[in-house]
Structures are given as structure tokens and as C-alpha cells.
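Asks: Encoded as C-alpha cells, here's the structure I'll be asking about.
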Amino acid sequence: MIQKIISYLIPIKIFRKKSARSKIIEVTWTNGELVLDSENTNYSYGSLQRILRYGLRNIGYKTILEMDHVLVLGVAGGSVIKTLIDEIEYKGKITGVEIDPDMIQIANEYFNLNQIKQLDLIIDDAFEFVLKTKDKYDLIIIDVFEDIKMPNFLFESFFSNRICSLLKDRGFVLFNTMILDEAHNVRNRKYISEINTKLFTSKMLPRIEVHNELIIIEKVA
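Start counting the sequence shown at -9; every next residue gets the next number (the working numbering).
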């Protein structure tokens, strides 16, 4: 494909749409691969895929292969799902929750998410879904953004306690956060300090791609 070849020299934008939830969504050929971007940041593939892949490696691919059920809050184009299936060769169930139906349509059309048989895609608000779900999960990936903003509820103790309650024993949370100023640094450290240390261990991974910081929580009992 000529666009793919040219994209090693310059990015080739092939799709752009205004979305009520995500404002601007763009699909672009960059360095030979399709990436999904919002107005100000990468939403899927590209740098975001590298960030979440780093987090999954930290948990351990062998550990993930033994898991039965993964929950992804914030699907966008589905790059972390592709990492799980194509690179780790994960065979278990994946539930993906995405609030923006436009994003799901693009993910299906350009990234073929609807061809993944083990994936159950749900259009819902992450907060609402977490309150309603009756399932328990081995891994919960939180990657919820509105362009470069993160909803406040993600850092509230009610939500984090609920997330932790959905983990199976020895289960993990992989939480992708964005740090743009000192207030965000303080926010992340407060979040870590409020995790129940009797039941969970938590750690922050060093800055990845300049502005992203990953938080990993493990249920130890």
C-alpha cells in the first residue's frame, strides 16, 4: 500500500471525525502503522501501545497467559487488546468497556476489533459498568481519557475500592495516568497512599513517553 510506504517519511491522515465524546478522532498512517489519535494525544497504537505493553511486561507475560478474564476500561482503538492477543497470545476472555460509540465504530472498521471472538465489547460509562458488573477479573486495565484529561472519579477512593474489590486473588490493576503538572504528581501519590496495604501492593513505574505514569496494583490475599 502506497500510503503505508509514504508514512515512513510523513504521516498520512486517512480519517477524521468530530465525536460528541472525544471531540476530534483521527486515523493516521505513521511509520508504517495505523494509529488512532485525539486532538492532542495518541489514543491507540503508537506511543500508547508502547506504554501499556511496558506495563504488561512488568506484570509478566507468563502470569497473564494463566489468567481467565481481563477487563479493559477505555478501549479506544483497542491497541492493548491487540497486544494481549497478538503478542502475548492470551486465550482467555476480554471484556472491553468504551463510552464512545464512534470510537467503537472506528476500532471495528480500521483495527478489526469485531473479528476478535474472545472479546466482548460494551458501550458504557466505565464508572457505571464497574458499579454493575458481577464478575471478578484477573487483570483490570484502566485507560480512560477525554483527550488529555482524566475524569476525577478515577482517583476517588470509592472507585478505586470498587475496582480492587473486583480483583480475583493475585489479580492486577494496570492504571495508565497522565502527568502534566505538579498537581497530577500529588494526585498520583495520594492515590497510591490510599490503597489498602494489607490486601494490596502497589507501585508506580518510571515515567514513560514523557507524560505517562503507570500504577500497578496487585491483590496479595
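Every residue gets a Cβ at the ideal spot worked out from N, C-alpha and C, and that includes glycine.
Are the beta-carbon atoms belonging to Phe190 and Ile207 less than 8 Å from one another?
Replies: Yes, Cβ-Cβ distance for Phe190 and Ile207 is below 8 Å.
Asks: Compare the C-beta of Phe143 with all C-beta atoms of chain B and state if any pair is closer than 8 Å.
Replies: You won't find chain B in this structure, because it holds only one protein chain.
Asks: How long is the line joining the alpha carbons of Glu184 and Leu(-1), rounded to whole angstroms?
Replies: Going by the C-alpha atoms only, they are around 47 Å apart.
Asks: Using 8 Å as the threshold, is the C-beta distance between Gly82 and His59 below it?
Replies: A contact, by the Cβ cut-off of 8 Å.
Asks: When you compare each of Leu144, Ser155 and Arg160 to Lys180 by their alpha carbons, which one comes out closest?
Replies: Closest option to Lys180, Cα to Cα, is Leu144.
Asks: With three or more beta-carbon pairs closer than 8 Å as the criterion, would you say the segment 91 to 108 touches the segment 147 to 156?
Replies: The answer is no - the segment 147 to 156 does not touch the segment 91 to 108, with fewer than three Cβ pairs under 8 Å.
Asks: Just reading off the alpha helix (DSSP H) that Met93 is part of, what are its end residues?
Replies: Met93 -> alpha helix (DSSP H) spans Pro91 to Phe101.
Asks: For the beta strand (DSSP E) that Thr223 lies in, which residues bound it at each end?
Replies: Because the chain in this structure spans residues -9 to 211, residue 223 falls outside the shown range and cannot be described.
Asks: Ends of the alpha helix (DSSP H) at Val163?
Replies: No alpha helix (DSSP H) contains Val163, which is instead part of the beta strand (DSSP E) from Leu157 to Met168.
Asks: If you measure between the beta carbons of Ser133 and Gly64, is that distance less than 8 Å?
Replies: The amino acid at residue 133 is misidentified as Ser; the sequence shows Asp. Yes, these two residues count as a Cβ contact at 8 Å.
Asks: Here's a check: name, in chain order, each residue in its chain whose Cβ is nearer than 8 Å to the Cβ of Pro1, leaving out the five neighbours to either side.
Replies: Thr18, Trp19 and Thr20.
Asks: Go through its chain and collect everything with a Cβ distance to Lys158's Cβ below 6 Å, but skip five positions before and after it.
Replies: Correct list, in chain order: Lys126 and Asp128.
Asks: Give every residue of the same chain whose Cβ lies closer than 8 Å to the Cβ of Val120, excluding the five residues on either side of it in the sequence, and list them in chain order.
Replies: Here the set comprises Leu63, Phe149, Arg152, Ile153 and Leu156.
Asks: Alpha carbon to alpha carbon, how far is Phe165 from Ile131? Give it in angstroms, no decimals.
Replies: Taking the straight line joining both Cα atoms gives about 6 Å.
Asks: Look at Ile15 and Lys7 and say whether their C-beta atoms are less than 8 Å apart.
Replies: Closer than 8 Å, so yes.
Asks: Under a three-way DSSP split, which group does Tyr181 fall into?
Replies: The answer is helix: DSSP assigns Tyr181 an H, G or I state.
Asks: Around the Cβ of Phe202, are there at least 16 other Cβ atoms within 10 angstroms (buried) or fewer (exposed)?
Replies: Sequence check: residue 202 is Asn here, not Phe. Asn202 should be labelled buried.
Asks: What does the alpha-carbon distance come out to for the pair Ile215 and Pro196?
Replies: For residue 215 there is no data in the structure shown, the boundaries of the chain being -9 and 211.
Asks: In the DSSP assignment, what are the bridge partners of Thr20?
Replies: Beta-bridge pairing links Thr20 to Glu23.
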